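The sequence shown lines up with residues 1 to 768 when you count with UniProt numbering. All remarks here apply to the structure that follows.
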Amino acid sequence: MNNLIISEKNSVALRLAIILADGKFKRERSSSVPIFRFTRDNDSYTIMGLRGHIVELDYPDELNNWHKTDPKDLIYATPHKRVLYQKMVEALISEASRADWIIIATDFDREGELIGLEAVELLNGGIDTGIKASEDLRSKLRIRRARFSSLGRNDVVRAFAELHDLDIRLAKSAECRQLIDLAWGATLTRLLSLAANQTGRNFLSVGRVQSPTLALIARRELEIENFVPKSYYNITAACLKLPDSKFEASHERNPFWDKEEAEKILSAIGGEKEAIVEKYSSEEREEYGPVPFSTTLFLVDATRIGYSGAEAMDIAERLYSEGFISYPRTDNTVYPRSLFIKGVLEKLLNTEFKKEVDEILAQEKITPTRGNVETTDHPPIYPVDAASRRKMSRKEWDIYELVVRRFLATVAPRSIVKNSSARLIIGKQPFVSEGKELVYEGWRRYYPYYRFYGSNMPALTEGERIPVEKISMREEKTKPLPRYTQGNLIKEMEKLGLGTKSTRHEIIQKLYDRKYVQGDTIRPTPVGLSVTLALEKRAPEVCDNKMTARLEQDMDKIAEGKIGMEEVVSESRDMLKTVAEEIDANREEIGRMIRDAILQQKRIGKCSVCGGDLRIIENSRGRFAGCSNYPECTVTYSLPSGYLIKPTDKSCEICSLPMIRLIAKGSKPVDVCINPSCESNRKTGAVGKCPSCGKELRIVRSQKGKRFVGCSGYPECSVTYPLPQSGEVAFSGKSCETCGAPLVEIRQNRGSWSTCINVTCPSKTRQK
1 MNNLIISEKN SVALRLAIIL ADGKFKRERS SSVPIFRFTR DNDSYTIMGL
51 RGHIVELDYP DELNNWHKTD PKDLIYATPH KRVLYQKMVE ALISEASRAD
101 WIIIATDFDR EGELIGLEAV ELLNGGIDTG IKASEDLRSK LRIRRARFSS
151 LGRNDVVRAF AELHDLDIRL AKSAECRQLI DLAWGATLTR LLSLAANQTG
201 RNFLSVGRVQ SPTLALIARR ELEIENFVPK SYYNITAACL KLPDSKFEAS
251 HERNPFWDKE EAEKILSAIG GEKEAIVEKY SSEEREEYGP VPFSTTLFLV
301 DATRIGYSGA EAMDIAERLY SEGFISYPRT DNTVYPRSLF IKGVLEKLLN
351 TEFKKEVDEI LAQEKITPTR GNVETTDHPP IYPVDAASRR KMSRKEWDIY
401 ELVVRRFLAT VAPRSIVKNS SARLIIGKQP FVSEGKELVY EGWRRYYPYY
451 RFYGSNMPAL TEGERIPVEK ISMREEKTKP LPRYTQGNLI KEMEKLGLGT
501 KSTRHEIIQK LYDRKYVQGD TIRPTPVGLS VTLALEKRAP EVCDNKMTAR
551 LEQDMDKIAE GKIGMEEVVS ESRDMLKTVA EEIDANREEI GRMIRDAILQ
601 QKRIGKCSVC GGDLRIIENS RGRFAGCSNY PECTVTYSLP SGYLIKPTDK
651 SCEICSLPMI RLIAKGSKPV DVCINPSCES NRKTGAVGKC PSCGKELRIV
701 RSQKGKRFVG CSGYPECSVT YPLPQSGEVA FSGKSCETCG APLVEIRQNR
751 GSWSTCINVT CPSKTRQK
């Protein structure tokens, strides 16, 4: 029996071949596509990996000219499926023609099911590829589905022993999402871009999920800007239980919104120097560990340790493909009964976590924590196999360690916390105090990402008199809600039904890529804010999370067989028609709002020659600052590549030109004069003398943002040295005695060390 296994990507195909063939397979190529062949139980197998979707939805060519097609014509237009990788289709048809069975082994979720269905449609003629599959192939097609949640050996072997049918309804729910998102995205993107005269690579992106997400950020920013602080007052007492146990007590009625009332109470207390303990209680309680990782919870904690949602998911998917962690796209927060917890722990005995694992295995009974969501498709994210720090990149290890430690925390003993509370009387006024002390670390020992916030409070006795050092009244002011972080935004999107576990991090990254938002604590750019305000004023449905959440629910119903795909798509198109007509009717106003915001976003400061605005300009040759009065004024300044550039509203102390702020990941923001030739910039980024020509060495960024040290004498002098892409680099001002290159101190999370910046320095060669 000949079997063709189709996986989602080549790395997964290789992993499957290693497991199913026990490493005994042949690597070949079919139409230049890598494939793996082997024999198992007297059957022949071929495995090929796709590149995710190898077809995509697109409109016919006659509708793809933005300036000749009315965007509203796209609403009811029928898109076609276009082949992305012709060679892969050739290989797929060629290998399938020899197979008795086709086994779909793509990721077990909506998108994976659709990718599998697309492969089947390519084989049975459902998608026009220009390559005709033979009638014999179409007639003999027999399809099965392998479902697995990890690429661990046991899961893979079980999946191929228990094959299923392809879930057509699940695939159709994913196809429905594609159809709806294409129509909404293409129609609204063209309408806004044309209205604002922003076409080409500077087009304005609008999306069914993207726009409501941007609206969340914009609304929060407006709330912060319009927030009016309100004063309130807290009365506190600094108490001292001899000999040296200090603690703070707060008036029972805190906060006071009336200053006069607070002052009266403070006056009534007078200079009282003692507090009488009226009540005191103390108890120890067990504190449960965190629940298992769903995708959302994983991304929230990954952002805590400095990773964007998109980067964290990309790394997690690589770890999954290599068989180190389970499938990272899941809503589940309950380990299934079939998961052998001790077996997972025993595999981790071969890692750097051996000591912690030994401690956890020593428990009489291991009882994992449970979350509120239990599904049957994929388990929570957990480590599948042992890994070594030495064989991984730092980023891969960070994410692997996060997953391992979360798993350990979910099966570790509970921590024990001592909570104390007291009610005290000071000058006939009631005060309260609370203490929180960690008695036993428990799960916190294994999961250091959550800080314990304790407060000191000594043991008290009812009736005891405690000296009072000071009683004071502090004025505080109310604060607005903070800006979203990526982690908090992902949680809010999940709460509101915006996007899915597989797409939320991608949506947020798209907002950054389109320059709609900026910063680790996310704030909208002027363009992002203006796009939102324009849509909320003239097409509020686009920014309404309820509309897109309802469509998500409809797609779930398609997967459950409760509603047809055509019905959902038709309803969505009718809704889009109403929105598009409203935008089109107000295109002049919308376009003006957005154009003004774009100019504001690109403005850096005033031109010193003519008084015009200096703006960031991008063209095919790169990025520079130019005057708005061009061609009458030809003032320009080159801008450094690889940085996010922001205006500062400050002027250079030497030449009075505008200062700009250069922001790059892994480095502290730095303010520099916009004129690269200004004397003030000579010190900025300078790290020492070039050992070759004697000119200054400076920190430079490539077009892709990679940092390195290069000679200011370039191109005459081409001396360069690489730098770590994360962490802080401090230059000592000293040079290496061996090669003359600068000596640096590199500071990262894992520690700091000093070294010569020259990776080929002879002194390093001798050390090896």
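No residue lacks a Cβ here, since even glycine has one placed at the ideal position from N, Cα and C. All values derive from a computational prediction rather than experimental measurement.
Could you pull the start and end residues of the alpha helix (DSSP H) that residue i belongs to?
i, result
"Gly694", "No alpha helix (DSSP H) holds Gly694; DSSP gives it neither H nor E."
"Ser321", "Gly309 to Ser321"
"Pro526", "Pro526 to Arg538"
"Ile471", "No alpha helix (DSSP H) holds Ile471; the beta strand (DSSP E) holding it covers Arg465 to Lys477."
"Ala741", "Element bounds for Ala741: n/a, residue is neither H nor E."
"Leu662", "Careful: Leu662 lies outside any alpha helix (DSSP H), inside the beta strand (DSSP E) at Pro658 to Ile663."
"Pro298", "Here the sequence assigns Phe to residue 298, which means Pro is not the residue at that position. Taken as a continuous stretch (DSSP letters only), the alpha helix (DSSP H) holding Phe298 covers Thr295 to Arg304."
"Pro212", "Gln210 to Asn226"
"Cys176", "Ile168 to Ala195"
According to the Cβ coordinates, are residue i and residue j closer than 9 Å?
i, j, result
"Ile6", "Met48", "yes"
"residue 838", "Val719", "Outside the shown range of the chain (1 to 768) lies residue 838, about which nothing can therefore be said."
"Ser388", "Thr351", "yes"
"Cys543", "Ser11", "no"
"Thr738", "Ile490", "no"
"Pro647", "Ile617", "no"
"Glu272", "Ile522", "no"
"Leu599", "Ser572", "no"
"Pro328", "Ala316", "yes"
"Pro292", "Thr375", "no"
"Cys652", "Asn675", "yes"
"Leu188", "Leu644", "no"
"Glu745", "Ser732", "yes"
"Cys633", "Leu657", "no"
"Leu170", "Glu113", "yes"
"Leu299", "Gln518", "no"
"Pro379", "Asn419", "no"
"Pro60", "Arg190", "no"
"Ala585", "Arg538", "yes"
What first and last residue would you give for the beta strand (DSSP E) that runs through residue i?
i, result
"Thr46", "Asp43 to Gly49"
"Asn545", "Note, Asn545: premise wrong, no beta strand (DSSP E); alpha helix (DSSP H) at Asn545 to Glu560."
"Gly605", "Arg603 to Lys606"
"Asn234", "Ser231 to Lys241"
"Lys646", "Leu644 to Ser651"
"Val157", "Here Val157 belongs to no beta strand (DSSP E); instead the alpha helix (DSSP H) covers Arg153 to Ala161."
"Leu496", "Where Leu496 is concerned, there is no enclosing beta strand (DSSP E), although the alpha helix (DSSP H) it sits in stretches over Gln486 to Leu496."
Starting from the Cα of residue i, find the closest Cα among the options and give me that residue.
i, options, result
"Val670", "Glu464, Leu424, Glu728 and Tyr637", "Glu728"
"Ser455", "Arg595, Ala249 and Glu56", "Ala249"
"Val209", "Thr500, Val156 and Lys68", "Thr500"
"Ile654", "Ile663, Lys706, Glu679 and Ala237", "Glu679"
"Glu541", "Leu349, Trp66, Ile416 and Thr578", "Thr578"
"Arg110", "Arg177, Val156, Lys259 and Leu123", "Arg177"
"Thr199", "Leu498, Gly591 and Arg406", "Gly591"
"Phe247", "Ser205, Pro467, Leu192 and Ala215", "Pro467"
"Ala215", "Lys546, Ala171 and Val609", "Lys546"
"Leu122", "Arg147, Asn65 and Tyr85", "Tyr85"
"Gln553", "Ala174, Ala422, Ile18 and Glu118", "Ala174"
"Asp385", "Ile325, Val373, Leu408 and Tyr721", "Ile325"
"Lys81", "Phe25, Leu424, Pro229 and Glu118", "Glu118"
"Tyr45", "Met392, Arg394 and Asn2", "Asn2"
"Met659", "Ser530, Leu50 and Asn681", "Asn681"
"Val120", "Lys68, Leu50, Glu589 and Gly561", "Leu50"
"Ile18", "Thr636, Lys279 and Val157", "Val157"
"Gly611", "Asp596, Ser628, Asn372 and Gln429", "Ser628"
"Asp181", "Val228, Leu57, Glu28 and Trp397", "Leu57"
"Val417", "Gln429, Thr410, Lys428 and Glu434", "Glu434"
Can you give the beta carbon distance from residue i to residue j, rounded, assuming they're within the 8 Å contact cut?
i, j, result
"Glu8", "Ile115", "6 Å"
"Met88", "Ile35", "Not confirmed; about 11 Å, so no contact."
"Ser763", "Cys736", "7 Å"
"Thr213", "Ile508", "7 Å"
"Tyr233", "Met473", "6 Å"
"Leu204", "Ser193", "5 Å"
"Ala238", "Lys477", "Rounded, the Cβ-Cβ distance is 22 Å, inconsistent with contact."
"Gly323", "Leu151", "4 Å"
"Ile366", "Leu408", "About 11 Å separates the two Cβ atoms, so there is no contact after all."
Tell me the start and end of each unbroken beta strand (DSSP E) in the UniProt domain "Toprim" (2-149) that is at least 3 residues and wholly inside, in chain order.
2-7, 26-30, 33-40, 43-49, 55-58, 80-83, 101-105 and 143-145
Residue ranges of each beta strand (DSSP E) run of no fewer than 3 residues wholly in the region 243-284, ordered along the chain?
245-251
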